[in-house]
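> I am attaching a structure below and will ask some questions about it afterwards.
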Amino acid sequence: MTSLVAYLLATTLASTSVQALEGDRSMFLAPAEERVRLVINGVTDAEVIAPLIRDFQQTAPDVTVEFNDYVSNDLFREAELACREKRSHGDLWISSSVDHLVKLANDGCARSHQSTETERVSAWANWRDEIFGFAFEPAVIVYNASQVPPEDVPRSHVEIAELLRRKPDEYWTRIGTYNVQLSGVGYLLAFHDAQQAPTSYGRLLESFSRAQVVTSCCNKEVLDLIETGRLKIAYNILGSYAYARYLRNNDMRVVVPRDYTLILTRGAMIPTYSPNSELAARFVDYLVSERGQKVAREKAFYFAENAPLPPGVDGPASLIESGIGRPIRVGPALLAAQDRATREEFIRNWTSLLAPGIP
């Protein structure tokens, strides 16, 4: 098993007013005189959500936004502790690990919010008016076109497994994916892969094991390794990150799996002990509004539920209409993924196959 721990510790991002390491703080100063500050703790790169924050500030020029960027497991742990201790931990929580948010809401850590804007949210992405999905995130395959010949490009889960069986030497240690121990998003996607197609997913894991798959906590890390040529193919990468990299480097190709494509939503939740709950609700309304969704589609997350795939993505015209898209519904069924015994057993089985020797 190739470990990326040392790499993670050594890697840094260029530091600007809107770029931050995970766990770092980014400040978006009010365009006018600051009268109030909105504190968002989220699982999203600051540079990704920046267009949404800046456009929101055009409607609220007296608001400074503090955005704290977390790894999903870290945000969940800190949010859970704050809720248990009945203290504030920011005004708004945002996470692509929506099972974490469902667990928090189920434990009484969320405020309910209703408005004409939240009525726009699809039923599968709104739970109890406490968690609101505002981004449409397919789990995609990414490959480096300068490293992978056209005949090797996998377009389904089964085709990845077959490729690794057919060319084991060529792709040994050259495939990347999430480490489900480190990444809440990675765990959620893997958990639903196993439910969606247990037989083909089992074959895929066996192929990953033989190929010594490289695992990481984060989208950015895997995409960096693809772009530099260290890896050739990445599996289960969130579409927004993958497409942003494609726009920067057209060798970074994005494929929507043809057998099925899991779709996450990034969820927003107002904590019970939010110091500025009304301002947080205003930002939620912006995120799900027609204006906010337009900015999200054009400048931040690129994919949308009721829109064609972005130009250059290898896939059907519409994920939902094609029948390929499988949205992960935000709701009580996700509590099963966060059941402690279930989670520990799943990770133990995954680790025994992909990461022998890691405790």
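Note that the sequence shown covers residues -20 to -1, 1 to 339 in mature numbering (1 follows the signal peptide of the UniProt record, and there is no 0).
Think of the CB as a built atom: it goes at the ideal place given N, C-alpha and C, for glycine as much as any other residue.
Here the structure is a predicted model, which means the values were calculated and not measured.
Considering only residues of the same chain and omitting the five flanking positions on each side of N53, which have a CB-CB separation below 6 Å?
Start at 1 with the first residue of the sequence shown, and residue 53 comes out as number 73. Counting only Cβ-Cβ distances below 6 Å, and skipping sequence neighbours, we find G164.
> From the DSSP output, in three-state form, read off D87 for me.
Working through the sequence shown from its first residue, we reach residue 87 at position 107. If DSSP states are grouped into helix, strand and coil, D87 belongs with coil.
> With a threshold of 7 Å on Cβ separation, who are the neighbours of E14 within its own chain once the five nearest residues in sequence on each side are excluded?
Position 34 of the sequence shown, counted from the start, is the residue given in the question as residue 14. Only D42 and T44 meet the Cβ criterion.
> With G219 as the anchor, note down where its alpha helix (DSSP H) starts and where it stops.
Translated into the one-based positions of the sequence shown, residue 219 becomes position 239. G219 to R228 is the extent of the alpha helix (DSSP H) around G219.
> Note down the Cα distance separating Q176 from S254, rounded to an integer number of angstroms.
Here residue 176 corresponds to residue number 196 of the sequence shown, with the count starting at 1. Here residue 254 corresponds to residue number 274 of the sequence shown, with the count starting at 1. Rounded to whole angstroms, Q176 to S254 spans 36 Å at the Cα level.
> Please report the residue range of the alpha helix (DSSP H) in which W330 lies.
Within the sequence shown, numbered from 1, the residue matching residue 330 stands at position 350. Looking at the DSSP string, the run of the alpha helix (DSSP H) that includes W330 is R320 to L334.
> Rounded to whole angstroms, what is the Cα-Cα separation between A260 and L72?
Here residue 260 is taken as the residue at index 280 of the sequence shown, counted from 1. Here residue 72 is taken as the residue at index 92 of the sequence shown, counted from 1. In a straight line, the C-alpha of A260 is about 6 Å away from that of L72.
> Do Y158 and N216 come within 8 Å of each other at the CB atom, strictly closer than that value?
The sequence position of residue 216 within the sequence shown is 236, counting from 1. The sequence position of residue 158 within the sequence shown is 178, counting from 1. Yes, the Cβ-Cβ distance between N216 and Y158 is below 8 Å.
> Buried or exposed for M249, going by 16 or more other Cβ atoms inside 10 Å?
As a first step, residue 249 must be located in the sequence shown, where it is residue number 269. Result: buried.
> If you count every other CB in all the chains shown that lies within 10 Å of the CB of A187, and 16 or more means buried, which is it?
Counting from 1 along the sequence shown, the entry for residue 187 is found at position 207. Here the sequence assigns Ser to residue 187, which means Ala is not the residue at that position. Burial call: buried.
> Any chance the stretch 75 to 95 sits against the stretch 107 to 123, with 3 or more Cβ pairs inside 8 Å?
Contact between the stretch 75 to 95 and the stretch 107 to 123 is present, because at least three Cβ pairs lie under 8 Å.
> From the DSSP output, which residues share a beta bridge with Y158?
Within the sequence shown, residue 158 is the residue found at index 178, counting from 1. Partner(s): S196.
> Between the Cα of A141 and the Cα atoms of L218, H80, I213 and N256, which residue gives the shortest distance?
As a first step, residue 141 must be located in the sequence shown, where it is residue number 161. Per the Cα distances, I213.
> Per DSSP, what are the beta-bridge partners of V120 in this structure?
Counted from its first residue, the sequence shown places residue 120 at position 140. DSSP output for V120 lists I217 as bridge partner(s).
> Would you mind sorting D79 into buried or exposed? The rule is 16 or more other CB atoms within 10 Å of its CB.
What you label residue 79 is simply residue 99 of the sequence shown in a count that begins at 1. Counting Cβ neighbours within 10 Å, D79 comes out buried, since at least 16 surround it.
> Consider the C-beta atom of Y50 and the heavy atoms of the ligand FMN; say whether any pair is separated by less than 7 Å.
Here there are no bound small molecules, and the ligand FMN is not part of this structure.
> Does I206 come out as helix, strand or coil in the three-state DSSP assignment?
Taking the first residue of the sequence shown as 1, we reach residue 206 at position 226. Note: I206 maps to helix in three-state DSSP.
> In the DSSP assignment, find the unbroken alpha helix (DSSP H) run with D35 in it and report its ends.
Translated into positions along the sequence shown, residue 35 becomes position 55. Start and end: A26 to T39.
> Please return the same chain residues whose Cβ sits closer than 6 Å to the Cβ of V128, not counting the five positions on each side in sequence.
Here residue 128 corresponds to residue number 148 of the sequence shown, with the count starting at 1. Answer for V128: K212, listed in chain order.
> Does M(-20) come out as helix, strand or coil in the three-state DSSP assignment?
Locating residue -20 in the sequence shown gives position 1, where the first residue counts as 1. Because M(-20) carries a pLDDT of 37, less than 50, the predicted location of this residue cannot be relied on, and no value is offered for it.
> If you drop the 5 nearest sequence neighbours on each side, which residues of the same chain put their C-beta closer than 6 Å to that of D35?
Start at 1 with the first residue of the sequence shown, and residue 35 comes out as number 55. V275.
> Using a Cβ-Cβ cutoff of less than 6 Å, which residues in the same chain neighbour G311 once the five nearest sequence positions on both sides are dropped?
Your numbering for residue 311 matches position 331 in the sequence shown. Cβ within range, chain order: W107.
> From Y266, L81, L289 and R210, pick the residue whose C-alpha is nearest to that of E97; which is it?
Here residue 97 is taken as the residue at index 117 of the sequence shown, counted from 1. Comparing Cα positions, the closest option is Y266.
> Determine the closest residue to C198 out of I308, A191, R183 and Y221, with distance taken between C-alpha atoms.
By one-based count along the sequence shown, residue 198 stands at place 218. Of the listed residues, the one whose Cα sits closest to C198 is Y221.
> Using DSSP bridges, identify the partner residues of S68.
Within the sequence shown, residue 68 is the residue found at index 88, counting from 1. S68 pairs with nothing; no bridge assigned.
> Does the structure place the stretch 219 to 233 close enough to the stretch 112 to 129 that three or more beta carbon pairs sit under 8 Å?
Touching, yes, given that three or more Cβ pairs across the two stretches are closer than 8 Å.
> Going by Cα to Cα distance, which pick from L314, R320, K200 and R277 is closest to L32?
Locating residue 32 in the sequence shown gives position 52, counting from the first residue. The shortest Cα separation from L32 among L314, R320, K200 and R277 belongs to R277.
> Let me know the secondary structure DSSP gives T252 once reduced to three states.
As a position in the sequence shown, residue 252 is number 272, starting the count at 1. Three-state DSSP puts T252 in coil, outside helix and strand.
> State the CB to CB distance for the pair A119 and T241, rounded to an integer number of angstroms; the pair is presumed to be in contact (CB under 8 Å).
To locate residue 119, count along the sequence shown from 1; it is residue 139. To locate residue 241, count along the sequence shown from 1; it is residue 261. Contact holds; Cβ gap of about 6 Å.
> Using the rule of at least 16 other Cβ atoms within 10 Å of the residue's Cβ for burial, across every protein chain shown, is residue 356 buried or exposed?
Nothing in the structure corresponds to residue 356, since the chain is present only between -20 and 339.
> DSSP beta-bridge partners for R5?
Working through the sequence shown from its first residue, we reach residue 5 at position 25. DSSP output for R5 lists N48 as bridge partner(s).
> Between which two residues does the beta strand (DSSP E) harbouring G22 extend?
Within the sequence shown, residue 22 is the residue found at index 42, counting from 1. G22 -> beta strand (DSSP E) spans V16 to G22.
> Is the Cβ-Cβ distance between V23 and S75 less than 8 Å?
Counted from its first residue, the sequence shown places residue 23 at position 43. Counted from its first residue, the sequence shown places residue 75 at position 95. A contact, by the Cβ cut-off of 8 Å.
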